[in-house]
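Those letters in the sequence shown? Residues 226 to 555, per the working numbering, in order.
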Amino acid sequence: MTRSKARITAIGSYVPERVLSNADLENMVDTNNEWIVQRTGMKERRITDEGEFTSDLCINAVENLIQKYNKTVEDVDLILVSTSTADFAFPSVACQVQEKFKLKSIGALDLNATCAGFTYGLHVANGLITSGLHKKILVIGGEALSKVTDYTDRSTCVLFGDGAGAVLVEYDEQDPSFISSVLGTNGEGGIHLYRSGLSKEMNGLKLLGNGNMVQNGREVYKWAVRMVPIGLQTLLEEANLRTEDIDWFVPHSANLRMIESICEKSHISMDNTLYSVESMGNTSSASIPLALDLGIKEKKLHYGDTVVLYGFGGGLTYTGLVVKWGVPDR
């Protein structure tokens with residue numbers, strides 16, 4: 226990996242006020258708290274109101290970042306938003322964020338790598354800043370998954386929540402954040418996790434869902450617990466690090482049982498793992514920044530810590546990063 230010239234300098238997050246608990250779900254579908262916790266580790270998730278959308282979540286996350294770290298976004302020169310639940314097919318959520326903050330002479334685009342989207346966004350931001358094309362980039366992961374969840378399907382409706390997280394990535398040649406990266410894709414497995422769109426076929430197979438998410442949880446689980454430990458080893462070898470050198474492991478918060486299995490196979494303690502799944506559910510591309518901000522609030526994550534971020538999901542695709550945490554302690 227080319228030596229980075231980019232540092233993560235600030236973070237903010239936002240989740241909707243409305244809570245959807247396991248008890249609430251018991252009144253909606255044939256399920257119960259014990260079943261949900263045993264299989265997913267989830268206790269509650271946050272859900273948008275009818276008139277609240279991904280752009281609102283992302284804007285609130287940026288405002289939270291500005292307030293907490295006394296940052297300005299007036300000199301941001303690019304906005305990258307990772308989402309699979311944009312308010313519109315177009316304009317992008319990034320354009321809506323730009324309009325809200327009235328930023329001038331700025332690029333704005335959405336990325337869609339589902340649950341790997343936030344780490345993809347960081348990877349792209351690092352590349353653009355290190356190359357000299359940009360100096361200060363907002364990277365946002367935001368999802369309103371409740372808008373595309375079938376609440377009559379008990380196998381999926383217990384999983385998903387809404388939220389957003391935002392970070393600033395700035396030029397810093399002296400104290401960069403990014404150490405190593407790994408990316409991969411298995412398009413053949415895309416049929417196991419999708420939301421139908423204009424096409425009703427994939428890989429020669431008919432699609433289901435009518436615009437809602439469809440997941441073969443067993444296949445996605447098997448893929449993730451096999452793939453992530455292999456990618457993690459590649460990341461560490463590239464960074465010339467060992468597992469015990471990692472201060473924090475931050476995987477996509479898809480399912481607590483999945484995270485436990487990945488940690489066991491990778492010889493990483495759950496005590497050194499940050500996740501947002503228990504109280505926020507699976508928030509796709511928002512889950513990693515939400516977990517990072519929780520780590521800060523709980524006084525776990527500190528400036529200078531060595532952190533592994535690992536996003537994985539629909540595509541099927543994944544992106545892992547080793548970073549030196551660059552956000553100053555408050």
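Glycine is no exception: its CB is placed at the ideal position from the N, C-alpha and C atoms. Computed from a predicted model, the values in this text were never measured in an experiment.
Hey, out of N252, V364, P316, V301, whose CA is closest to H348's CA?
The residue with the shortest Cα to Cα distance from H348 is V364.
Quick check: what's the CA-CA separation for Q440 versus R379?
Those two C-alpha atoms are separated by around 12 Å.
So, for T234: in the same chain, excluding its five sequence neighbours on each side, which residues have a beta-carbon less than 7 Å away from its beta-carbon?
Around T234: L393, E395, G551, V552.
Please list, in chain order, all residues of the same chain as K425 whose beta carbon is under 8 Å from its beta carbon, the five residues on each side excluded.
Answer for K425: K431, L432, listed in chain order.
Cutting at 7 Å between CB atoms, please list the residues of its own chain near A311, excluding the five before and the five after it.
Excluding positions up to five away in sequence, the list reads T279, S317, V318, D335.
If you follow the alpha helix (DSSP H) that M253 is part of, which residue opens it and which one closes it?
That residue, M253, is in no alpha helix (DSSP H); it is neither H nor E in DSSP.
For the candidate residues W448, L466, R264, whose alpha-carbon lies nearest to that of L481?
Looking at the Cα atoms, R264 is the closest of the given residues.
In terms of residue numbering, what span does the beta strand (DSSP E) encompassing E269 cover?
Its beta strand (DSSP E) spans residues 269 to 271.
Grab the span of the alpha helix (DSSP H) containing T531 for me, first residue to last.
Element bounds for T531: not the alpha helix (DSSP H) but the beta strand (DSSP E), 531 to 538.
To which residues does DSSP link N507 through a beta bridge?
DSSP, once it has assigned bridges, lists F385 as partnering N507.
Along the alpha helix (DSSP H) that carries S280, what are the first and last residues, could you check?
Taken as a continuous stretch (DSSP letters only), the alpha helix (DSSP H) holding S280 covers 279 to 294.
In chain order, what residues of the same chain lie with their CB nearer than 6 Å to the CB of A286, ignoring the 5 residues before and after it?
Cβ neighbours of A286 beyond the five flanking positions: G237, S238, Y239, A389, G390, A391.
In the DSSP assignment, what are the bridge partners of E395?
In DSSP, E395 forms a bridge with R232, K361.
Reducing DSSP to helix, strand and coil, say where L481 ends up.
Residue state, collapsed to three classes: helix.
Measuring straight from C-alpha to C-alpha, what distance separates N257 and D302?
Spanning the two alpha carbons is a distance of roughly 48 Å.
Taking DSSP as the reference, what is the three-state secondary structure of Y543?
Three-state DSSP puts Y543 in a strand.
Could you please give the first and the last residue of the uninterrupted alpha helix (DSSP H) stretch that includes D335?
Taken as a continuous stretch (DSSP letters only), D335 belongs to no alpha helix (DSSP H), being part of the beta strand (DSSP E) at 332 to 336.
Taking 7 Å as the cut-off, decide whether the C-beta atoms of N411 and L541 are in contact.
Yes, they are a contact pair.
Relative to the alpha-carbon of K325, which residue among V298, K268, P241 has its alpha-carbon at the smallest distance?
Among V298, K268, P241, the Cα nearest to that of K325 is on V298.
DSSP on W473, reduced to helix/strand/coil?
Here W473 sits in strand by DSSP.
What is the rounded straight-line gap between the Cα of E469 and the Cα of M267?
About 28 Å.
Suppose the cutoff is 6 Å on Cβ atoms and the five residues either side in sequence are ignored; what does the same chain contact list for Y294 look like?
Excluding residues within five positions, the ones whose Cβ falls inside 6 Å are A235.
Would you give the residue range spanned by the alpha helix (DSSP H) that Y446 belongs to?
Counting along the chain, the alpha helix (DSSP H) containing Y446 begins and ends at 442 to 464.
Along the chain, where does the alpha helix (DSSP H) containing L515 start, and where does it finish?
Segment 512 to 522, the alpha helix (DSSP H) holding L515.
How would you write the range of the beta strand (DSSP E) that I404 sits in, first residue to last?
Residues 403 to 410.
Quick check on the DSSP output: the alpha helix (DSSP H) that includes L353 runs from which residue to which?
Per DSSP, L353 belongs to the alpha helix (DSSP H) from 342 to 355.
For the stretch 242 to 249 against the stretch 352 to 362, do three or more pairs of beta-carbon atoms, one drawn from each stretch, fall closer than 8 Å, so that the two count as touching?
These segments do not touch.
What did DSSP end up calling V502 once you bin it into helix, strand or coil?
Of the three classes helix, strand and coil, the one that applies to V502 here is helix, per DSSP.
Does the distance from the CB of S406 to the CB of V548 come in under 7 Å?
No; because the gap between Cβ atoms is not below 7 Å, this pair is not in contact.
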